[in-house]
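*Asks:* One structure, as structure tokens, below. Some questions next.
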Amino acid sequence: MSEATREVDAPDELPEELIAEHGLSPDEYARIRGELGRTPTLTELGIVSVMWSEHCSYKSSRIWLKTLPTDGPQVIQGPGENAGVVDLGDGQAAVFKMESHNHPSYIEPYQGAATGVGGIMRDVFTMGARPVANMNALRFGSPDHAKTRHLVSGVVSGIGDYGNCMGVPTIGGETNFDARYDGNILVNAMCVGLVDADRIFKSAARGVGLPVVYVGSKTGRDGIHGATMASAEFDDASAEKRPTVQVGDPFTEKLLLEACLELMAEDVIIGIQDMGAAGLTSSSVEMADKGSVGIELDLDKVPCREEAMTAYEMMLSESQERMLMVLKPGAEPKAEAIFKKWELDFAVIGITTDTGRFVIKHQGVVEADLPLSALADGAPVYERPWVPKEPQVAPKEVPAADGPLSSLEALMGTPNLCSKRWIWEQYDHMVMADTVARPGGDAGVVRVHGTNKGIAVSCDVTPRYCAGDAFEGAKQAVAECWRNLTAVGADPLAITDCMNFGNPERPEIMGEFVAAVKGMGEACTALSFPVVSGNVSLYNETNGVAIPPTPAIGGVGLIPDVAKMAGLALTQDGDALVVIGETKGHLLQSRYQEWISGKLEGPPPPVDLAAERKAGDFVRGLIRDSRVTAVHDVSDGGLLVAVAEMALVGRRGVKLDTDMGDLPPHRFWFGEDQARYVVSVPADGLEALLRAAEDAGLPAKALGTVGGEALTLGDEPPLPLEALRSTYERWLPAYMDGGREK
Amino acid sequence: MKAAVVVFPGSNCDRDAKTVLEQVTGTSPAMVWHGDAELPKADLIVLPGGFSYGDYLRSGAMAAHSPVMREVVARAKQGTPVLGICNGFQVLTETGLLPGVLMRNRSLRFICKDVRLKVERNDTIYTRAYEAGEIVTIPIAHKDGNYFADDETLARVEGEGLVAFRYVSEDGALDDDANPNGSQHNIAGLYNERGNVLGMMPHPERLAEPALGGTDGAKIFRSLLEALH
Chain A
35 MSEATREVDA PDELPEELIA EHGLSPDEYA RIRGELGRTP TLTELGIVSV
85 MWSEHCSYKS SRIWLKTLPT DGPQVIQGPG ENAGVVDLGD GQAAVFKMES
135 HNHPSYIEPY QGAATGVGGI MRDVFTMGAR PVANMNALRF GSPDHAKTRH
185 LVSGVVSGIG DYGNCMGVPT IGGETNFDAR YDGNILVNAM CVGLVDADRI
235 FKSAARGVGL PVVYVGSKTG RDGIHGATMA SAEFDDASAE KRPTVQVGDP
285 FTEKLLLEAC LELMAEDVII GIQDMGAAGL TSSSVEMADK GSVGIELDLD
335 KVPCREEAMT AYEMMLSESQ ERMLMVLKPG AEPKAEAIFK KWELDFAVIG
385 ITTDTGRFVI KHQGVVEADL PLSALADGAP VYERPWVPKE PQVAPKEVPA
435 ADGPLSSLEA LMGTPNLCSK RWIWEQYDHM VMADTVARPG GDAGVVRVHG
485 TNKGIAVSCD VTPRYCAGDA FEGAKQAVAE CWRNLTAVGA DPLAITDCMN
535 FGNPERPEIM GEFVAAVKGM GEACTALSFP VVSGNVSLYN ETNGVAIPPT
585 PAIGGVGLIP DVAKMAGLAL TQDGDALVVI GETKGHLLQS RYQEWISGKL
635 EGPPPPVDLA AERKAGDFVR GLIRDSRVTA VHDVSDGGLL VAVAEMALVG
685 RRGVKLDTDM GDLPPHRFWF GEDQARYVVS VPADGLEALL RAAEDAGLPA
735 KALGTVGGEA LTLGDEPPLP LEALRSTYER WLPAYMDGGR EK
Chain B
1171 MKAAVVVFPG SNCDRDAKTV LEQVTGTSPA MVWHGDAELP KADLIVLPGG
1221 FSYGDYLRSG AMAAHSPVMR EVVARAKQGT PVLGICNGFQ VLTETGLLPG
1271 VLMRNRSLRF ICKDVRLKVE RNDTIYTRAY EAGEIVTIPI AHKDGNYFAD
1321 DETLARVEGE GLVAFRYVSE DGALDDDANP NGSQHNIAGL YNERGNVLGM
1371 MPHPERLAEP ALGGTDGAKI FRSLLEALH
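Top to bottom, those sequences are chains A and B. For the first sequence, my numbering begins at 35 and goes up steadily by one. For the second sequence, my numbering begins at 1171 and goes up steadily by one.
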């Protein structure tokens, strides 16, 4: 590397404000000073501050995340790499992860969301997988909030432009509006890739004296301190943080994807890591730490797009579309030829060493010389104090409106239950020509290219339930994801999680986090649905007001034969509709409660995991035996909303005629009890299906008959499907167009 | 039938084109890198969808000047069939092989959905497997598909019967509601005078087998196979 270098030129002391600006507590600063035996340089301070940030170190969450189940016969790679990997059989595997880009998306929605999508795709193709499906889970504030329309518009077009240009289909997701996200929206992006199980790439830089190679885009000053920003609360001055948001270039990422996959087909890569949060710093630390080696970088070799960048800036830049690789010695020319073909930068910028130290040289000066052990595993871990939340007192009964059908019509036009077509039509959901279940169903499904196998994907969480009870709410998120995968006929395999919470330094927020992790863990264990990757986003608060606990779950399942996939569209007049699972009429925290009383209160519906498993396994069996013609899980809005969605997609009416038992109609039709599915079955199969359910010990109840062009129920005037459709489709486009007129 | 699919940096429907060609013709196409001035002998040249060069200048504008396009233009002028899909259509207008331009959609948004198309003629190499006037379902996925040409060009295109496909409603009505992007005369696809070059915004390769929800797109490739075998 560079010839004569001077020793580290450490200052005598660093100003306290500078340390505080870097988000390091006095204790943390004392700790690094102790490790070094001297004052850190500015570059070292920067490196330590990002590596020890909440975003990179998981210092508040780590001890709890360790309690989650991560194993199973289907798991090839659990948490700890760029993404998790599950077995799809036949030597193939799915690589997937979900990640948040909340703070940047609030400050600059288009670029924030776009780079979130770019980052998660990089995580997947870093492991050697070709991305085959994207999804996202979005939470916006109240539609009445002044910024909401702008944020929806920017986030959706940012996600669309990046994924569309990459040529990876975005096959679904979920979107909520809730005033509790007014000051902190959530943008959680998930990517699933496909890889041969024996061609998975990891990040460890094993071996000394190996070339460390930089590829992709040039380094600029964008995104400096993004990871630190994502580890702090917002206040009224947060818009000033716009320069910390990165700028995305999906075209370069597409080239990077193709170049990396082309190089991965050769046998030359020892370790590879994308430059995400904390860019060059975290990628090199991670590779060296995992490979138990040291690393020495010469920043004079780093391709820069701006002049006179300092070591501090280069080490903290979060410029996008960059990768770091450790190659086999002598492989540089072959690798360079591939990257040049794709018109990307390629530079050998360093070497692995046996010193266990992270050494940064720039213009003949040693700018940093840090022990790697202090940066990664040696980062602080906190057992933050936490308090359990007081259980919510159940309010008195939720009032009933007249007529379930007229209630349904009103509900289907509300921001949270209306059609999200306006969003998903901006995402290319068909590119790659393997999308066999498009957005709008319970799960999106892409075929494994060239086979009949399908990968089912779903993103789920119900934040209002988590606000009511983080433990039950987190169980419900996992259960609903499992149910959505089951409803298309998939075997649920594993999940990735995106843990979005407020400030963990507040014991009540930490209490929510702890409860959510415990709830998830219980559900994952009961449903054999382990966690293989994930991400934590804390400090989602503005001026001391936190978001509802939002543990978003992204699940992946396998459909052995897509010819036997189920969908929610009613397909045949005369079929009988049946609800599987018990209807108890739980209206607290329901969409109905919100609509009729303007409030969301009380405990959420409890989740009986044994009942979930039993109902799901039963329904999956029906699908595999081709005994049902349509399947839909019952979730937001309850039974009648589920029936209405099946009718709208299938363009067939339903004559409802059922025994509601002791329940009043509003509780029967709009209660959000869990572990339920609506299935349609040919009329001559109804008896046998009800008997099979009884044999399995599952409640099942006939709801009515498919046919006609309306929903009919009791004495109420029929609700014509076309009227319902127009209500259902109208709200979101009208809301978004309203913005343009103003 | 041997086809060649041109791959630009940023193409992303090249594999989809390859897949449908293999399914329908039973022969793998040659995949030709844009930087190669050498274009193998081919019965059909496909310019696939995607975002060539990121579409950062004007959609298709950079690709139109890439080395391989000189040869594509020369072959097209000699009569070799050239099919441009989505970004490929944009490239064809940028090279001048087809008249007019594809502007930003009138909604200013990207749109991905199935649309109904009317097959204007079935006496071409691309449409002989359809009925004339048939209403078919094929998806679109673009942000810049709003076809525009000056009045004189439009009159010539219509007069010479060069419109291949138009956006229509489910029952075949040619109205503004059925027009997803604001294209003049609801134009979704266009031939050159000689009929060997077709540019279209919809993606026939995406609805070419039952598992994907339809097979109307396959007929374009079946037509070509019949005409060129």
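All C-beta atoms, glycine included, are put in the ideal place defined by N, C-alpha and C.
Indicate the three-state DSSP secondary structure (helix, strand or coil) for Gly125/A in the structure shown.
*Replies:* Gly125/A: coil per DSSP, three-state reduction.
*Asks:* Between Gln623/A, Arg481/A, Pro45/A and Pro526/A, which has its C-alpha nearest Ile587/A's C-alpha?
*Replies:* For the residues Gln623/A, Arg481/A, Pro45/A and Pro526/A, the minimum Cα distance to Ile587/A belongs to Pro526/A.
*Asks:* So what's Asn534/A in DSSP terms, helix, strand or just coil?
*Replies:* Looking at Asn534/A - three-state DSSP - the assignment turns out to be strand.
*Asks:* Can you check DSSP and say which residues form a bridge with Asp494/A?
*Replies:* Answer is Ile587/A, bridged to Asp494/A.
*Asks:* Whole angstroms is fine: what's the gap from Leu220/A's alpha carbon to Asp718/A's?
*Replies:* The straight-line gap from Cα to Cα measures roughly 47 Å.
*Asks:* Given a threshold of 16 other Cβ atoms within 10 Å of its Cβ, counted over all protein chains shown, does Glu37/A qualify as buried or as exposed?
*Replies:* At Glu37/A, the pLDDT of 41 sits below 50, so the modelled position is not reliable and the matter cannot be decided from this model.
*Asks:* Select from the stretch 1258 to 1289 of chain B all residues with a C-beta closer than 8 Å to any C-beta belonging to chain A, and list them in chain order.
*Replies:* Within the stretch 1258 to 1289 of chain B, the residues whose Cβ lies closer than 8 Å to some Cβ of chain A are Arg1279, Phe1280, Ile1281, Cys1282 and Lys1283, listed in chain order.
*Asks:* Is Gly192/A closer than 8 Å to Tyr144/A when the C-beta atoms are compared?
*Replies:* A contact, by the Cβ cut-off of 8 Å.
*Asks:* Beta-carbon of Leu295/A versus every beta-carbon of chain B: anything under 8 Å?
*Replies:* Not closer than 8 Å to any Cβ of chain B, the Cβ of Leu295/A fails to qualify, so no.
*Asks:* For Cys225/A, which residues from the same chain have a beta carbon less than 6 Å from its beta carbon, with the 5 sequence-adjacent residues on both sides left out?
*Replies:* Answer for Cys225/A: Ile154, Met155, Val158, Pro165 and Asn168, listed in chain order.
*Asks:* Does DSSP classify Met1171/B as helix, strand or coil?
*Replies:* It is coil, neither helix nor strand.
*Asks:* Where do the ends of the alpha helix (DSSP H) carrying Gln1354/B lie?
*Replies:* Unbroken run through Gln1354/B: none, as it is neither H nor E.
*Asks:* To the nearest whole angstrom, what separates the beta carbons of Arg472/A and Ile205/A, a pair I think is in contact under 8 Å?
*Replies:* Between Ile205/A and Arg472/A the Cβ distance is about 7 Å, and since that is below 8 Å, they are a contact.
*Asks:* Rounded to the nearest angstrom, what separates Glu320/A and Ile329/A at their Cα positions?
*Replies:* Cα to Cα, Glu320/A sits roughly 10 Å from Ile329/A.
*Asks:* Please specify which runs of the alpha helix (DSSP H), each continuous and at least 4 residues long, are wholly inside the stretch 705 to 766 of chain A, giving them in chain order.
*Replies:* Correct list: 720 to 729.
*Asks:* Could you pull the DSSP bridge partners for Pro698/A from this structure?
*Replies:* Partner(s): none; Pro698/A has no beta bridge.
*Asks:* Determine whether the beta carbon atoms of Phe547/A and Trp86/A lie at a separation below 8 Å.
*Replies:* Contact: no.
*Asks:* Can you list, in chain order, the residues of its chain with a C-beta nearer than 8 Å to that of Met770/A? Leave out the 5 residues immediately preceding and following it.
*Replies:* So the list reads Arg183, Val186, Ser187 and Trp456, once near-sequence residues are dropped.
*Asks:* Where does Thr520/A fall in DSSP's three states?
*Replies:* In the structure shown, Thr520/A sits in a helix (DSSP, three-state: H, G or I).
*Asks:* Are the C-beta of Gly1230/B and some C-beta of chain A separated by less than 8 Å?
*Replies:* Not closer than 8 Å to any Cβ of chain A, the Cβ of Gly1230/B fails to qualify, so no.
*Asks:* Taking only beta-carbon atoms, is Trp376/A less than 8 Å away from chain B?
*Replies:* Yes, Trp376/A lies at the interface with chain B (some Cβ there is under 8 Å from its Cβ).
*Asks:* The beta strand (DSSP E) that contains Ala369/A, what's its start and end?
*Replies:* No beta strand (DSSP E) holds Ala369/A; the alpha helix (DSSP H) holding it covers Glu366 to Lys375.
*Asks:* Check the Cβ of Leu289/A against every Cβ in chain B and list those closer than 7 Å, keeping chain order.
*Replies:* Here the neighbours are Pro1179.
*Asks:* For a quick check, are the C-beta atoms of Lys618/A and Gly705/A less than 8 Å apart?
*Replies:* A contact, by the Cβ cut-off of 8 Å.
*Asks:* Between Lys598/A and Asp607/A, what straight-line distance do the alpha-carbon atoms span, to the nearest angstrom?
*Replies:* Answer to the nearest angstrom: the Cα atoms are 20 Å apart.
*Asks:* Examine chain A for any beta-carbon lying closer than 8 Å to the beta-carbon of Tyr1337/B, and answer yes or no.
*Replies:* Taking Cβ atoms only, chain A never reaches closer than 8 Å to Tyr1337/B, which makes this a no.
*Asks:* So that I know if they touch, is there some Cβ in chain A lying closer than 8 Å to that of Gly1359/B?
*Replies:* No, no contact with chain A.
*Asks:* Identify, in the order they occur along the chain, each residue of the same chain with its Cβ nearer than 6 Å to the Cβ of Lys324/A, setting aside the five sequence neighbours on each side.
*Replies:* Ser237 and Ala238, listed in sequence order.
*Asks:* Mind listing, in chain order, the continuous beta strand (DSSP E) runs of no fewer than 3 residues lying wholly within the stretch 108 to 168 of chain A?
*Replies:* If we require 3 residues or more, the beta strand (DSSP E) runs fully inside the stretch 108 to 168 of chain A come out as 109 to 111, 118 to 123 and 126 to 134.
*Asks:* What does the Cβ neighbour count give for Gly1230/B, buried or exposed, with the cut at 16 atoms within 10 Å?
*Replies:* With 16 or more Cβ atoms within 10 Å of its Cβ, Gly1230/B is classed as buried.
*Asks:* Please state the DSSP three-state secondary structure of Asn28/A.
*Replies:* Absent from the model: residue 28/A. The displayed extent of chain A is 35 to 776, so no value can be given.
*Asks:* Taking Cβ positions only, does Gln460/A come closer than 8 Å to chain B?
*Replies:* So yes, Gln460/A belongs to the interface.
*Asks:* Spatial neighbours of Val427/A within its chain, please: CB distance less than 8 Å, with the 5 preceding and 5 following residues excluded, ordered by chain position.
*Replies:* Gly636.
*Asks:* Tell me, please, whether the CB atom of Trp765/A is closer than 8 Å to any CB atom in chain B?
*Replies:* Answer no: the Cβ-Cβ gap between Trp765/A and chain B never drops below 8 Å.
*Asks:* Between Thr1189/B and chain A, is there a C-beta pair that is closer than 8 Å?
*Replies:* Output row for Thr1189/B: interface = yes.
*Asks:* Checking 8 Å against the spacing of the C-beta atoms, do Lys648/A and Ala560/A come in under that value?
*Replies:* The answer is no: Cβ separation not under 8 Å.
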